[in-house]
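Structure first, commentary second.
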Amino acid sequence: MTEQVHKGVLVFAEQKDGNLHKVTFELLNKGRELAQKLEVPIYAIVLGPKNMAVEELIYRGADEVFYGEDDAFNQPDELLYKENIVTLINRIKPEICLFGATSFGRSIAPRVAGSLETGLTADCTELRIDEDRKLIQIRPAFSDNILAHIKTKTYPQMATIRYKEFSEAKRDPQRQGKVAKVDAILLESPAVRILKQLQSNETDITEAEVVVAGGRGLKSPEDFKMLKELATLLGGVVGASRAVVEEDYISSDHQVGYSGNRVKPKVYIACGISGAPQHLAGMREAENIVAINTDPSAPIFNIADVGIVGDLYEVIPMLIKKVSNEKT
Ligand code: FAD
5 MTEQVHKGVL VFAEQKDGNL HKVTFELLNK GRELAQKLEV PIYAIVLGPK
55 NMAVEELIYR GADEVFYGED DAFNQPDELL YKENIVTLIN RIKPEICLFG
105 ATSFGRSIAP RVAGSLETGL TADCTELRID EDRKLIQIRP AFSDNILAHI
155 KTKTYPQMAT IRYKEFSEAK RDPQRQGKVA KVDAILLESP AVRILKQLQS
205 NETDITEAEV VVAGGRGLKS PEDFKMLKEL ATLLGGVVGA SRAVVEEDYI
255 SSDHQVGYSG NRVKPKVYIA CGISGAPQHL AGMREAENIV AINTDPSAPI
305 FNIADVGIVG DLYEVIPMLI KKVSNEKT
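Read in order, the letters of the sequence shown correspond to residues 5 to 332 in our numbering.
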């Protein structure tokens, strides 16, 4: 698709159990800004279970919502989603399509782009419109050492956007817009069969206000229990560097960094983590960073608000004791 017969900005609204993912409101905020600049409408596609409150997308800025309603969308089946999204994009013909860079968004967007034979820029942190009405897709590259500015020649111009990069669109319950119910396309023989969904009781690390993260300074997987105890006392969750995820100390959903989760908690406590650029890429925007490391020259101290040069096996128990005492 090279010729520009496309018009409008489209946001894919991700949902789980009928609840919209908050990245959708961030995409609507940025999408609205782009649409205003281009003087075009902004659309949202939502594929979800029956009777979802999809008007929320209008209150948050969408002009028209295309709602594919079927309980089949309760399953995160990428091929089912891809089929429906591609059909809708071919019908709406937007010039820009935005997806959240969540794990589901990262999985669907390339499939959709592949089917549409168009380009995709992943993990954008900024978007702009240039003088030729083209989308400039900005994203960190080479471990965040440069900011690449990318233009796509083909249409629609597609990008995934990192969660928590933009503020959410304000809610206006008086806002008017259209909701078009569309027929869901169901796959006769689904290529993906969900056998079991594992659900953690912990808060999603990307939503947590406190993250206590462990790295190769930990001597064994069991030592994560100590970090978990501190995290629980502080109302937070446990994070990890890739080094310990690769050593199977903890599952990859705890990984923070370039190839893991991007977090923006109020407090990030890095325990035995050196501060490699790929780790910093996922946590440098935490409001307060506390680093505990035996090596005073560890790079993590360059970005820490509070640096503790010391052995985590001494410091963490002291912190646990202090916080416990303050709570009782
Ligand atoms: P190390 O660098 O080995 O640091 C361990 C630290 O613990 C040292 O500073 C040491 O002084 C300290 N220490 C040791 N004992 C103690 C103690 N008793 N008390 C206190 N401190 C102690 N990494 C990520 O984390 N996330 C990513 O998403 C990621 N993505 C990557 C993507 C690519 C393409 C590549 C190439 C690499 C990626 N990495 C990522 C790996 C990254 O480069 C580092 O190798 C990794 O972050 C190092 O983990 P670490 O800090 O736990 O280990």
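We treat Cβ as the ideally placed atom computed from N, Cα and C, and that holds for glycine. Owing to the predicted nature of the structure, the values given are computational and were not obtained by experimental measurement.
Listed in chain order, the alpha helix (DSSP H) elements of length 4 or more contained wholly in the segment 268-328 are 281-287, 304-307.
At least 8 Å separates the beta-carbon of residue 186 from that of residue 82. A distance criterion of 7 Å places the beta-carbon of residue 316 in contact range of the ligand FAD, judged by its closest non-hydrogen atom.
With respect to residue 104, residue 31 sits close: the two C-beta atoms are nearer than 8 Å.
Just measuring C-alpha positions, the residue of 93, 159, 145, 250 sitting nearest residue 122 is 159. No Cβ-Cβ contact shorter than 8 Å links residue 49 with residue 35.
Residue state for residue 27 is assigned as helix, using DSSP reduced to three classes. Contact annotation: residue 235 and residue 241 have beta-carbon atoms nearer than 8 Å. Of all alpha-carbon atoms in 331, 156, 221, the one lying nearest the alpha-carbon of residue 138 is that of 156.
Going by C-alpha positions, residue 38 is about 49 Å away from residue 315.
By alpha-carbon distance to residue 227, the top candidate from 253, 19, 73 is 253. When 129, 151, 162 are compared, the shortest CA-CA separation from residue 97 is found for 162.
In the DSSP annotation of this structure, the continuous segment of the alpha helix (DSSP H) that includes residue 230 starts and ends at 228-237.
Where residue 63 is concerned, the enclosing alpha helix (DSSP H) starts and stops at 59-63. When Cβ pairs closer than 8 Å are counted between the two stretches, the segment 214-226 is seen not to touch the segment 105-121, the count staying below three.
Ranked by how close their Cα comes to the Cα of residue 244, the residues 298, 125, 279 have 279 in first place. In this structure, the alpha-carbon of residue 232 lies about 8 Å from that of residue 216. With fewer than 16 other Cβ atoms inside 10 Å of its own Cβ, residue 9 counts as exposed. Judged by the Cβ position, residue 95 fails to qualify as a neighbour of the ligand FAD at the 7 Å threshold, every heavy atom of the ligand being at least this far. Beyond the five residues adjoining it in sequence on each side, residue 303 comes within less than 7 Å, by CB distance, of 278, 279 in the same chain, given in chain order.
Relative to residue 210, the option among 198, 199, 286 whose CA is nearest is 286. Ranked by Cα distance from residue 55, the options 66, 28, 19 are led by 19. Counting other Cβ atoms within 10 Å of its Cβ, residue 297 reaches 16 or more and is therefore classed as buried. A residue is called buried once 16 or more other Cβ atoms fall within 10 Å of its Cβ, and residue 153, having fewer, is exposed. Between the beta-carbon of residue 17 and that of residue 188 there is about 15 Å, and that puts the pair past the 8 Å contact cut. Selection around the ligand FAD by beta-carbon proximity, strictly under 5 Å to any non-hydrogen atom, yields 219, 220, 221, 245, 246, 247, 261, 262, 263, 264, 276, 277, 278, 280, 282, 283, 297, 298, 299, 302, 315, 316 in chain order. Burial of residue 265 is indicated by the presence of at least 16 other C-beta atoms within 10 angstroms of its C-beta. For residue 47, the enclosing beta strand (DSSP E) begins and ends at 46-52. Under the three-state reduction of DSSP output, residue 88 falls in the helix class. The Cβ atoms of residue 131 and residue 142 lie closer than 8 Å to each other.
Fully enclosed beta strand (DSSP E) runs of no fewer than 3 residues occupy 182-186 of the segment 169-198, in order along the chain. In the DSSP annotation of this structure, the continuous segment of the beta strand (DSSP E) that includes residue 150 starts and ends at 150-154.
About 5 Å separates the beta carbon of residue 69 from that of residue 58, a gap short enough to meet the 8 Å contact definition. With respect to the 8 Å criterion, residue 179 and residue 129 are not classified as neighbours on the basis of their beta carbons.
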